[in-house]
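Chains as they are written, first to last, in this note's numbering: chain A, 1 to 190; chain B, 1 to 190. So the structure is just underneath, and the comments pick up after that.
Protein chains: 2
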Amino acid sequence: MENLIKFFNSTVPLSEKVISLMAGMFVYDELKKGAYFVKTGEYAREIAFLETGIVRAFYVNNEGKEYNKTFFSAPSIIGSYASLISKQKNNVAQQALTDCKIWKASFHEIEKVSEGNFEIERLRRMIAENYFLSNEKKELEMAMLDADKRYLIMQEEYPGIELRIPQYHIASYLGISPTQLSRIRKTRSL
Amino acid sequence: MENLIKFFNSTVPLSEKVISLMAGMFVYDELKKGAYFVKTGEYAREIAFLETGIVRAFYVNNEGKEYNKTFFSAPSIIGSYASLISKQKNNVAQQALTDCKIWKASFHEIEKVSEGNFEIERLRRMIAENYFLSNEKKELEMAMLDADKRYLIMQEEYPGIELRIPQYHIASYLGISPTQLSRIRKTRSL
DNA sequence: AGCATTTCTTTACATATGTAAATGCGCAGC
DNA sequence: GCTGCGCATTTACATATGTAAAGAAATGCT
C-alpha cells in the first residue's frame with residue numbers, strides 16, 4: 001500500500017485528505033500467471049496498481065493473431081483505460097505474464113469521489129495526459145524506427161524483461177515475427 | 001467565433017463565465033495552403049480552433065519519408081498537443097493542406113486561467129481523454145485492419161476529403177504507397 | 001484554348017519479411 | 001541422469017508491397 005501512495009505521489013504530490021480517500025478504495029489481490037485482468041468484449045470496471053509482476057496488453061487482429069501493445073512492469077497502473085473512460089467494450093485484453101501482486105479499485109468509485117474535488121480532477125487530467133503521451137511515444141517509435149532500433153528502446157524501457165518472459169512476446173511487441181527477431185539478435189551479436 | 005463556442009459546448013457545456021474568458025483568448029488568423037501551424041523541433045505554444053480547411057499532422061522517419069498521422073478537418077482543434085503538455089520539442093509537424101481560417105490562443109494563457117478553476121480543469125481532463133481515445137482508435141485500426149478496411153474507415157471519418165487533397169496524402173495516412181492505394185482502388189471498383 | 005504542372009495509374013522488378021517446418025537447446029520433473 | 005516439452009534458431013520458400021519509371025489524366029495558369 002505504501003508503494004501505491006509513493007507511486008501516485010511521484011506524479012503529483014497529494015494532500016493527506018486525498019491519500020486517505022484513496023487508501024480506502026484499493027484492496028489487495030493477486031493474479032496468477034496467465035490470468036486476465038480485463039478481457040476483450042467486456043466493460044472494464046476496475047483499475048489496479050501493479051505492485052509486482054508483468055502484465056501485457058494485447059489485441060487480436062483479423063486473422064486471429066495476437067499483438068502485444070504494451071507491457072506493464074511493476075510498479076505501474078493496469079486496467080483498460082480506454083474502456084474505463086469511454087464506457088465502451090474493451091478491445092485490448094490484459095493478461096499476467098508472471099504471478100502478480102496488485103491493489104485494485106472500482107473506477108466508478110474513483111469517479112464519484114472526484115466529483116467536485118479539484119485535486120482529484122487534476123490528478124485525473126494528468127493521468128489522461130500521461131497515457132496520451134506514452135501512447136504517442138510508442139506510436140512514433142513504431143512508425144519512425146526500424147525493428148532493431150525499437151528492440152534497443154524496448155530493452156531500455158523494460159530492463160531485464162527478456163529474462164522473465166518468452167522471446168515471442170517481445171517479437172509481438174516489436175511488431176515482427178519471432179523468426180525476424182532471431183535474425184536481428186543474430187546480426188546484433190556479430 | 002460562435003463556431004468555436006459551439007464546438008467547445010459540444011464536448012462539455014460551459015458556463016457563461018468560462019465562455020467569456022475563452023472569448024478573450026482566441027484571435028482570428030489564416031493559414032495559406034502549405035503553411036505550417038507547428039514545425040518539428042520547436043516548442044509548441046499555441047492551440048487553435050480550425051474553422052474551415054484541412055490540416056495534416058505528419059512525421060518524418062529515418063529515411064526522410066513523410067507519414068501522415070492525422071487529418072484535421074474543420075471544425076476541429078489543431079496544435080501539437082503532445083508538445084504543449086509535455087513541454088518537449090515537437091515531433092509531429094502540422095501543415096495546412098488547403099487555405100484555412102483559424103482562431104488561435106496561447107496555451108500558456110489557458111493554463112494560467114485554469115489554475116484553480118474546476119470547470120476548465122475538467123474541460124482539460126476531457127480533452128486529454130478525447131485525444132487519448134482517438135489516438136488509441138487510430139492505432140488499433142492501423143494494427144488490426146488491412147489497408148482496404150482502413151481506407152473505408154478513412155472515407156467515413158473524413159467524408160469528401162478525397163476530393164480536396166491529393167491521393168498520395170491519403171496513401172501516406174493509410175501507411176501505404178500511392179501505388180498500393182491505386183491497386184486497392186482498382187480492385188474495389190471491379 | 002493551349003501549354004505546363006501536378007497527380008494518378010500501371011508496369012516491371014527487387015526485396016524484406018512472413019510462414020512452415022526441421023533442428024537444436026535447456027530446463028523441469030521423475 | 002534421462003526424457004519430454006517449450007522455446008529459440010535456422011533454413012527454404014512464397015508473397016505482399018515497395019521503388020522506379022513511364023504513360024495517361026486532370027488541373028490550373030496565362
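Cβ atoms here follow ideal geometry from the backbone N, Cα and C, with glycine treated the same way.
Extent of the continuous beta strand (DSSP E) to which residue i belongs
i        : result
B:Tyr36  : Tyr36 to Val38
B:Tyr43  : Unbroken run through B:Tyr43: none, as it is neither H nor E.
B:Val18  : Premise fails: B:Val18 lies in the alpha helix (DSSP H), Glu16 to Met25, not in any beta strand (DSSP E).
A:Lys32  : Element bounds for A:Lys32: n/a, residue is neither H nor E.
B:Arg222 : Any answer about residue 222 of chain B is impossible in this case: the structure gives chain B only from 1 up to 190.
Burial state of residue i (16 or more Cβ within 10 Å)
i        : result
A:Glu129 : buried
A:Leu163 : exposed
A:Glu42  : exposed
B:Arg122 : buried
B:Glu139 : buried
B:Gln95  : buried
A:Leu152 : exposed
A:Tyr28  : exposed
B:Ala23  : exposed
A:Phe118 : exposed
B:Gly34  : exposed
A:Ser80  : buried
B:Val55  : buried
B:Arg125 : buried
A:Ser177 : exposed
B:Lys65  : exposed
A:Lys104 : buried
B:Phe154 : It should be pointed out that residue 154 of chain B corresponds to Met in this sequence rather than to Phe. With 16 or more Cβ atoms within 10 Å of its Cβ, B:Met154 is classed as buried.
Beta carbon proximity, residue i to chain B, threshold 8 Å
i        : result
A:Glu30  : no
A:Met144 : yes
The alpha helix (DSSP H) enclosing residue i, as first and last residue numbers
i        : result
A:Asp148 : Ala147 to Glu157
B:Glu119 : Phe118 to Met144
B:Ala74  : Segment: none, B:Ala74 is in no alpha helix (DSSP H) and carries neither H nor E.
B:Ser86  : Tyr81 to Ser86
A:Lys112 : Phe107 to Ser114
B:Ile170 : Gln167 to Leu174
B:Asn3   : Glu2 to Asn9
A:Pro178 : Pro178 to Arg188
Proximity below 8 Å, CB of residue i to CB of residue j
i        : j        : result
A:Phe26  : A:Leu4   : yes
B:Ile102 : B:Leu31  : yes
B:Lys191 : B:Ala93  : The structure shown does not extend to residue 191 of chain B, since chain B is modelled only from 1 through 190, so no value can be given for it.
A:Cys100 : A:Gly53  : yes
A:Leu145 : A:Gln167 : no
B:Pro46  : B:Pro75  : Looking at the sequence itself, residue 46 of chain B is Glu, so the reference to Pro does not match. No.
B:Asn90  : B:Tyr173 : no
A:Glu136 : B:Asn135 : yes
A:Tyr59  : B:Ala147 : no
B:Phe132 : A:Phe132 : yes
A:Leu97  : A:Ile170 : no
B:Ser106 : B:Tyr158 : no
B:Ala82  : B:Thr70  : no
B:Leu14  : B:Val113 : no
A:Glu156 : A:Arg150 : no
B:Val18  : B:Ile120 : yes
Residue-level contact to chain A via CB, residue i, 8 Å cutoff
i        : result
B:Leu140 : yes
B:Glu136 : yes
B:Asn91  : yes
Anything in the stretch 101-132 of chain B with a Cβ closer than 8 Å to a Cβ of chain A? List those residues in chain order, please. For the stretch 101-132 of chain B, which is checked against every Cβ of chain A, the residues closer than 8 Å are Gly116, Phe118, Glu121, Arg122, Arg124, Arg125, Ala128, Glu129, Tyr131 and Phe132.
At a CB distance below 8 Å, what residues from the stretch 36-70 of chain A approach chain B? Give them in sequence order. Tyr59, Val60, Asn61, Asn62, Tyr67 and Lys69
If you measure beta-carbon to beta-carbon, which residues of the stretch 78-89 of chain B are closer than 7 Å to chain A? Ala82, Ile85 and Ser86
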